[in-house]
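The next block holds one structure in the form of structure tokens; read it before the comments.
Below is the structure:
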């Protein structure tokens, strides 16, 4: 991305979502993904206009639920996790429900069903990775403490529900999302919680929220831009509904079961294993080498500085970090 061309400047005027998406896909085409297991299978079954959004949705889901313990050294010298926060914007009836289906009904169904069983039990030593937006702040803190840095994942198809939950005194808030981006810690020191749940714990949370343009606009008020919540998010859009519904050709039957089996194997290596006594043991941190992307990211950041665009320079560092977090998952799957 260099200096803005006349065509690029025109793209920022009042245009429809569909027109903007066409321009974006033309200027920044989808990269090759054929060498990445699972991702290539899902993306090949999606309409072309859905692939960028599905890519980041999958990277966030797999990062949390299959490669939670993966860490790689970034340009800042710190080891980063595959932390991804994704918001997908689409008109009403445009097919946003496919993102929940791929997560909840297809790829991670075993995880979701297992966590639902655990939620109904008070047995200690159980790790839960999937939560809903209705989770209270106190319950969230207890889960974070019990997970011992094993990542959580949240999927919400109505971003308006997220906004309403954030408005409740007992609900989650945007500061949790900001902490999750770089796995900052929260403290839990309450006499009403179990002793083992007291202390300081890192917030590891990936999520995908979807919503209409109006709902996304209601969620991101001025303060969300000023406090940096928005700059930590990967925003994606999907095409407007045409004359016919979008068609998907996603894995099912034996092929889908094989993918679930592979996910189970990754989870035991990179999330946790369960003992014969039913105790979940978190996987130790796994460090991998992603230094081969440092040069490209560094050059891109320098290119943004040279544009003279103050806003672009401000957000470029976070954008590069988001790209690196996605690369952590893509690299681990190869």
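Numbering (the UniProt record's numbering), first residue to last: 1 to 334. For every residue, glycine included, the Cβ atom is placed at its ideal position computed from N, Cα and C.
Between residue 208 and residue 177, what straight-line distance do the alpha-carbon atoms span, to the nearest angstrom? 12 Å
Could you work out which residue in 92, 157, 66 is closest to residue 100 when comparing CA atoms only? 157
Residue 338, DSSP secondary structure in three states: This structure gives no information on residue 338, because the portion of the chain shown stretches from 1 to 334.
In chain order, what residues of the same chain lie with their CB nearer than 6 Å to the CB of residue 205, ignoring the 5 residues before and after it? 152, 180
Which of the three DSSP states, helix, strand or coil, is assigned to residue 250? Three-state result, residue 250: coil.
DSSP three-state label for residue 97, please. helix
Nearest-angstrom Cα distance between residue 270 and residue 333? 11 Å
Between the CA atoms of residue 127 and residue 84 - distance to the nearest angstrom: Residue 84 and residue 127: Cα-Cα distance of roughly 20 Å.
Give the C-beta separation of residue 106 and residue 250 to the nearest angstrom, bearing in mind that I take them to be a contact with Cβ-Cβ under 8 Å. 6 Å
Shortest alpha-carbon distance to residue 145 belongs to which of 256, 125, 155? 125
Can you check which of these residues, 200, 87, 111, is closest to residue 141 by C-alpha distance? 200
Hey, quick one: how far does the alpha helix (DSSP H) through residue 345 stretch, first residue to last? As shown, the chain starts at 1 and ends at 334. That puts residue 345 outside it, with no answer to give.
Sorted by chain position, which residues of the same chain lie with C-beta nearer than 7 Å to residue 21's C-beta, five sequence neighbours on each side aside? So the list reads 49, 237, 239, once near-sequence residues are dropped.
Let me know the secondary structure DSSP gives residue 90 once reduced to three states. coil
CA nearest to the CA of residue 119, picked from 109, 273, 130: 130
Would you report the Cα separation of residue 40 and residue 198, rounded to the nearest angstrom? Whole-angstrom Cα-Cα distance: 42 Å.
Measuring only the C-alpha atoms, how far is residue 315 from residue 273? 38 Å
In angstroms, rounded to a whole number, what distance separates the CA positions of residue 98 and residue 324? Just so you know, the alpha carbons of residue 98 and residue 324 end up roughly 26 Å apart.
Rounded separation between residue 66 and residue 102 - CA only: Between residue 66 and residue 102, the C-alpha separation is close to 15 Å.
At what residues does the alpha helix (DSSP H) containing residue 147 begin and finish? 137-147
CA-to-CA distance, residue 161 to residue 231, given in whole angstroms: 21 Å
If you draw a straight line from the alpha carbon of residue 109 to that of residue 175, how long is it in whole angstroms? 29 Å
How many Å lie between residue 321 and residue 36 at the Cα? 20 Å
What number of angstroms, rounded off, separates the C-alpha of residue 220 from the C-alpha of residue 73? Roughly 31 Å separates the two Cα atoms.
With which residues is residue 398 paired in a DSSP beta bridge? In the structure as shown, the chain starts at 1 and stops at 334, and residue 398 therefore has no counterpart that could be examined.
Within its chain, find whatever has a CB closer than 7 Å to the CB of residue 301; leave out the 5 residues flanking it on each side and keep chain order. Result list for residue 301: 316, 317, 320, in chain order.
Counting C-beta neighbours from all protein chains within 10 Å, is the total for residue 9 16 or more, i.e. buried, or is it exposed? Here the model assigns residue 9 a pLDDT of 46, short of 50, so the residue's position is not dependable, and the following value carries that caveat. The residue is exposed, with fewer than 16 neighbouring Cβ atoms inside 10 Å.
Boundaries of the alpha helix (DSSP H) in which residue 328 is found, first to last residue: 310-333
For the alpha helix (DSSP H) containing residue 199, name the first residue and the last one. Looking at the DSSP string, residue 199 is not in any alpha helix (DSSP H); the run it does join, the beta strand (DSSP E), is 199-202.
To the nearest angstrom, how far is it from the Cα of residue 182 to the Cα of residue 81? Roughly 8 Å separates the two Cα atoms.
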